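These notes concern the structure reproduced below.
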Amino acid sequence: MIGEISFGGVYVPSLLIWALIAFLLNFVLRRVLYALGFYRLVWHRALFDTALFVILLAVVVEISIRVLQS
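Spelled out as C-alpha cells, the structure:
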C-alpha cells in the first residue's frame with residue numbers, strides 16, 4: 022500500500038507509520054539484546070542497530086502489504 026493515512030483530516034505517509042512501528046520494535050529488541058549480553062559480540066554497535074532497524078522496517082512493510090492484500 023503506497024499512499025497516505027488520514028488522522029483527523031491530516032494525511033500522514035504510510036511509511037512514517039511503518040517506521041514508527043519498526044522503531045518501537047527496534048527499541049524493545051535492543052533492550053533484550055543488551056540484557057542478554059549480545060552486544061559483546063558485535064563489532065560496531067551503531068551499524069548493527071541501523072541494520073536491525075532497516076530489517077525490521079522491511080518486515081513491517083511486508084507484513085502490512087500481505088495483510089492489506091487479503
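Numbering (the working numbering), first residue to last: 22 to 91.
Cβ coordinates follow ideal geometry from the N, Cα and C atoms, glycine included.
All figures in this text were calculated on a predicted structure; none of them were measured in a lab.
Straight-line Cα distance separating V49 from V88: As a first step, residue 88 must be located in the sequence shown, where it is residue number 67. As a first step, residue 49 must be located in the sequence shown, where it is residue number 28. Their Cα atoms are separated by approximately 23 Å.
For a test of the three-state rule: what should DSSP assign to S85, helix, strand or coil? The count along the sequence shown starts at 1 and reaches residue 85 at position 64. Note: S85 maps to helix in three-state DSSP.
Could you check whether the region 73-80 touches the region 36-52, counting it as contact only if at least three pairs of C-beta atoms, one from each stretch, sit closer than 8 Å? yes
Tell me the rounded alpha-carbon separation between F59 and I26. Translated into the one-based positions of the sequence shown, residue 59 becomes position 38. Translated into the one-based positions of the sequence shown, residue 26 becomes position 5. For F59 and I26, the distance between alpha carbons rounds to 37 Å.
Between which two residues does the beta strand (DSSP E) containing F28 stretch? On the sequence shown, residue 28 is found 7 positions in, with the first residue counted as 1. First-last of the beta strand (DSSP E) with F28: 25-28.
In three-state DSSP terms, what is V33? Position 12 of the sequence shown, counted from the start, is the residue given in the question as residue 33. Note: V33 maps to strand in three-state DSSP.
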